[in-house]
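Below is one structure; the comments refer to it alone.
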Amino acid sequence: MSELYAKIYYDFRERVRHLDTDNQRVIIHVKDVNDEPPYFINRPLPMQTVVQLNAAPNTPVFTLQARDPDTDHNIHYFIVRDRTGGRFEVDERSGVVRTRGTDPFQLDMEYVLYVKAEDQNGRVDERRFQSTPEERLSIVGGKRAPQFYLPSYEAEIAENQKKDSDIISVKAKSFADREIRYTLKAQGQGAGTFNIGPTSGIVKLAKELDFEDLRQPHVYSLVVTATEDSGGFSTSVELTIRVTDVNDNAPKFELPDYQAHNVDEDIPLGTSILKVKAMDADSGKNAEIEYLVSAKDKGEPAKTGTATVRVYTKNKNDEEPKFSQQVYTPNVDENAGPNTLVTTVVASDKDGDNVRFGFVGGGTSSGQFVIEEITGVIRLHNKAISLDRDKYELNVTAMDDGACCVNGDATIHTSTAVVVVFITDVNDNKPIFKDCPTYFPKVEEGAPNGSPVIKVHATDEDKGVNGQVKYSIVQQPNQKGTKFTVDEETGEVSTNKVFDREGDDGKFVSVTVKATDQGEPSLEGVCSFTVEITDVNDNPPLFDRQKYVENVKQDASIGTNILRVSASDEDADNNGAIVYTLSAPYNPADIEYFEIQPESGWIVLKKPLDRDRYRLRVRASDRGDPPSSADVDVELDVVDRNNKPPIWDMTTYGPVHIKENVTVGTVVTSVKARLRETYKLEAMAQDKGFPPLSRTVEVQIDVVDRANNPPVWDHTVYGPIYIRENLPVGAKVVSVKARCVGNCSARAPHAAPSPARPVRRRAPAMLRRALSSPDCITKLVLFSGESSDLLYELNLMRQARRALLARVFYIFSSGIENNPTVFYRLMPGSTAQTNKFHTFYLQQRADNGFTWADIKVNHPLDYESIKEYNLTIRVENNGAQQLASEATVYIMLEDVNDEIPLFTEREQETVLEGEPIGTKVTQVNAIDKDGTFPNNQVYYYIVDSPRNEGKDFFEISMQTGEIFTKVVFDREKQGAYALEVEARDGAPSARPNSDNQPNSGMFCHY
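All the letters of the sequence shown, read from the start, carry residue numbers 1 to 1006 under full-length UniProt numbering.
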């Protein structure tokens, strides 16, 4: 049998009674202490059982069962006294009593054990445990008679018990597991009054009872016999059934009507007026009579008998007025005006006197309250009212006038009551975010949805529900869904998406939180702040090419810049700062010839070249923690060197004479050397005769220069180039110049640079050549012009879709025929910054013998999305020897004032009439999405327009957007005002909005 335990606790509600009430549920858990002894639950008692005469050792004959109400009990069972000669033992833990020894048990012999159960977790003292009293266990060898579960049975029934209703169940246990049959016999009177179910043992009422019938006994003595089937043993037990009286008779008065005349109403208590008498036929308490206005016995249920008692009295003025209630609790609005009704007190006098009202201490005025003497009406007085407390307590008196009795007592009777006037708060204060200007939260890009951002807090000076604030997120204009959520109760702002700093989210995200009170109507306040999305190193560097291939002269000197690799990283700060390293995985010896500048990406020669090809690998790593990296292969092909030494024009120069006092830098002389241009060969012709005959001839070869050297740039680095979003279409971007190596000449058309200021170098950027130049091309000019000594800041209008950005063209020598045709390409990169989405495109055209390629804008530019671009331009020829050259252009965007301020919401506000000038009405808020100051600085103005009816009644704080009253309002003159306000940003050229109309919000004031 499993044990059940209950965990006890008290659960009640505590009510605090005052003028306000509140309920609080209190649960008190009660810890259990091991202070209860165990007890036996074996039934029937006393404990009896049988044992087979030939029972083997360890045969179970009985199981002791005890319970302990303590939760940490540890019950063990023991034999205290053994009267069996050691023939039985008990299992200490289970309580099972088993046989011992092999001797047979004697028939009908009784074996007696005295047993107990101990809780060994409940100590009484150091040597004793809590235990049950000793119980006697009787074990008989062979068979024994059935045993009733109780030594005797008693029952009690009411006299009105229904016939055939169950009275009591009598049960016996058979030790032979036989079915038992029950019989019932009456001792003395009562035969036939009860019967028993032969198999169920249930005793039923056989006929109706009447306690008042003297022929029926009130106590029945019965004997129940239990007999085993098939001639088994039997046993008997006594059953006593008592009949109880039911209050079924009502008291009866001796007279139907009693009268008493001329009784003074102030007669002393206890004075006898008249005597009444009633009788009741029931017994005991049912017959004991208590006289009230009616005669009522004390039975259950009580019975009453009535008689009319008329008492005629004479009136006296002995009653004081009684208020209908002792405490009145009216409510009055805090902005209530003069003569406002507060409440009405009511009092009456049982003597019939007239009642007059006043305040304790005399008079009908108390502070800001007055009371009407006759009606009890309490009002605010008719002067200026200032209800600046939460409640006011007034003590009111009621006085009678003694008019009830002509010859009565002239004493004036009074009573008092308390009137507690509660001042009800009016919802006239909106929630305010006092700390809003200090909110500058940050959240890490990639943070999981639901990450905490900041906890905002708004205060409302109103009371009760008018001051209870709930928070919500204001959805931005043209925005689907919200990027943040806020707990309406706590103000805890959390993310509602996973942010990507390099994606559409950008570096800053604006959020507006609204606080709404629970008044009716509700008032609102807003707080707008910017959440900075901090960078996570989640973008690896990306090279602008999948593989670099370059030619290098075999005789290049140590320290020569061979090739510059370039990679970009969309992350910011150290996460986007790139460091280059060089390796040679294909041939480790190749690394001995080159090194790389870690910041610029220039591969520099550090050892003379002696092979035809070198294969390197460059790794671009950012400075994040941990860093991200990308690899690119570099293939360098070595071009044969000119192994003919130059020839000096003269074998000896000098002597050269100079003065001893010449200044530093004076030219001393000029020397000149030229490459060997003439070669003499000897050719031989031989026949096939025998012997063969031959003759030789001298052949002289003059080497004529051809344009097979790539152009040399005047500068190795150009840029970065800065462009603004609003540059007029067609403005020139930059001018660079290159010169040809070899016997060629050309002229470059003059192109004046754009009127812009020089820019500072912020990061390495360049125009780079690769491979070699096309045949017979004498000069390569990119972004034509002569001013190669300055870099210029250039501007580009964001909205232009076909604005000219730059021009690339080649100039051909007029002295060389069959010049090849050239083609230009703008190479798409792997990121948006390297023209992956074709933000720019090239347009090739011919003009006055020159071939031009204009770089134009293909999609609108947006500083708030992408701030810089890295373009790769490639030019190729279609000659017999295909050559190509590449250049890299770095373009930096500058922010222009192209975003208009947008109000976060339109509002309807209220202002109370009579409020002083300068009362704050509301606060408007607008957001400008431009990325830099002052383009995103918002200022607020009242629109100066004839249609703006509220302009003369309100003023606005230019910095905060708070709106204040300029006049004292009178609702009877005008009940509503429409006010138009305007938000402007801080740029000199700022426009309110795109259609040259003010970007304004409308506000109604009642």
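Ideal Cβ placement from N, Cα and C applies to all residues, glycine included.
Asked                                                                                                                                                                               : Found
Assuming Asp400 is part of the beta strand (DSSP E), what are its boundary residues?                                                                                                : 391-400
Hey, could you find the ends of the beta strand (DSSP E) Gly122 is sitting in?                                                                                                      : 110-123
So is Gly352 buried or exposed if we call it buried at 16+ other beta carbons inside 10 Å?                                                                                          : exposed
Which residues in the same chain have their Cβ closer than 8 Å to the Cβ of Pro431, if we skip the five residues on either side of it in sequence?                                  : Ala458, Thr459, Asp460, Val469, Ala515, Thr516, Asp517, Leu523, Glu524, Gly525
Does the pairing of the segment 572-585 with the segment 607-618 give three or more beta-carbon distances under 8 Å?                                                                : yes
Return the chain-ordered list of same chain residues with a C-beta closer than 7 Å to the C-beta of Gly190, the five sequence neighbours on each side being excluded.               : Pro217, Tyr220
Output needed for Leu341: all residues of its chain with C-beta closer than 6 Å, excluding positions within five of it in sequence on either side, in chain order.                  : Arg379
With H, G and I counted as helix, E and B as strand and the rest as coil, what does DSSP make of Val465?                                                                            : helix
What residues in its chain sit with their C-beta under 8 Å from that of Ile927, if we drop five residues either side in the sequence?                                               : Gln476, Ser510, Thr512, Ser528, Pro901, Leu902, Thr904, Val938
Might you give, ordered along the chain, the residues of its own chain that have their beta carbon closer than 7 Å to the beta carbon of Arg67, omitting 5 neighbours on each side? : Glu3, Pro38, Tyr39, Ile41
May I ask you to list the residues that DSSP assigns as paired with Val170?                                                                                                         : DSSP, once it has assigned bridges, lists no residue as partnering Val170.
Between the alpha carbons of Met337 and Glu913, how many angstroms are there, rounded?                                                                                              : The identity of residue 337 in the sequence shown is Gly, whereas the question assumes Met. Their backbone Cα atoms lie some 12 Å apart in a straight line.
Can you name the start and end residues of the beta strand (DSSP E) that Gly601 belongs to?                                                                                         : Counting along the chain, Gly601 falls outside any beta strand (DSSP E), and DSSP gives it neither H nor E.
Under 7 Å between the Cβ atoms of Asp487 and Ile533?                                                                                                                                : no
Entirely within the UniProt domain "Cadherin" (544-648) and at least 3 residues each: give me those beta strand (DSSP E) ranges in chain order.                                     : 547-553, 561-564, 578-583, 594-596, 602-605, 613-622, 629-639
Hey, out of Phe62, Asp462, Thr960, whose CA is closest to Asp428's CA?                                                                                                              : Asp462
Terminal residues of the continuous beta strand (DSSP E) containing His261?                                                                                                         : 257-264
On the three-state DSSP scale, how would you describe Pro285?                                                                                                                       : Checking the sequence shown, residue 285 turns out to be Lys, not Pro. Three-state result, Lys285: helix.
What's the gap between the Cα of Ile963 and the Cα of Tyr941?                                                                                                                       : 10 Å
If you draw a straight line from the C-alpha of Gly986 to the C-alpha of Glu445, how long is it?                                                                                    : 30 Å
Expressed to the nearest angstrom, what Euclidean distance is found between the alpha-carbon atoms of Ile139 and Val50?                                                             : 5 Å
Quick one: residues in its chain with C-beta nearer than 8 Å to the C-beta of Ala832, no 5 flanking neighbours on either side, listed in chain order?                               : Thr839, Ile866
Report yes if the CB atom of Ser628 is closer than 7 Å to the CB atom of Asn537, and no otherwise.                                                                                  : yes
With three or more beta-carbon pairs closer than 8 Å as the criterion, would you say the segment 197-214 touches the segment 169-182?                                               : yes
Would you say the segment 126-137 touches the segment 149-160, given that touching needs at least three Cβ pairs under 8 Å?                                                         : no
From Ala281 to Thr344, what distance separates their C-alpha atoms?                                                                                                                 : 55 Å
Are the CB atoms of Ser566 and Asp544 within a distance shorter than 7 Å?                                                                                                           : yes
Could you have a look at Gln923 and say whether DSSP puts it in helix, strand or coil?                                                                                              : strand
With a threshold of 16 other CB atoms inside 10 Å of the CB of Asn835, please say whether the residue is buried or exposed.                                                         : buried
Roughly how many angstroms lie between the CA atoms of Asn339 and Asp425, to the nearest whole one?                                                                                 : 19 Å
Please report how far the alpha carbon of Ala307 lies from the alpha carbon of Asp257, in whole angstroms.                                                                          : 6 Å
Taking DSSP as the reference, what is the three-state secondary structure of Thr304?                                                                                                : strand
Please report the residue range of the beta strand (DSSP E) in which Phe359 lies.                                                                                                   : 355-359
Under 7 Å between the Cβ atoms of Pro268 and Ser415?                                                                                                                                : no
Just list the beta strand (DSSP E) runs in the segment 314-364, keeping only unbroken ones of 3 residues or longer that don't cross its boundaries, in chain order.                 : 331-333, 341-344, 355-359
Tell me the rounded alpha-carbon separation between Ser272 and Val263.                                                                                                              : 10 Å
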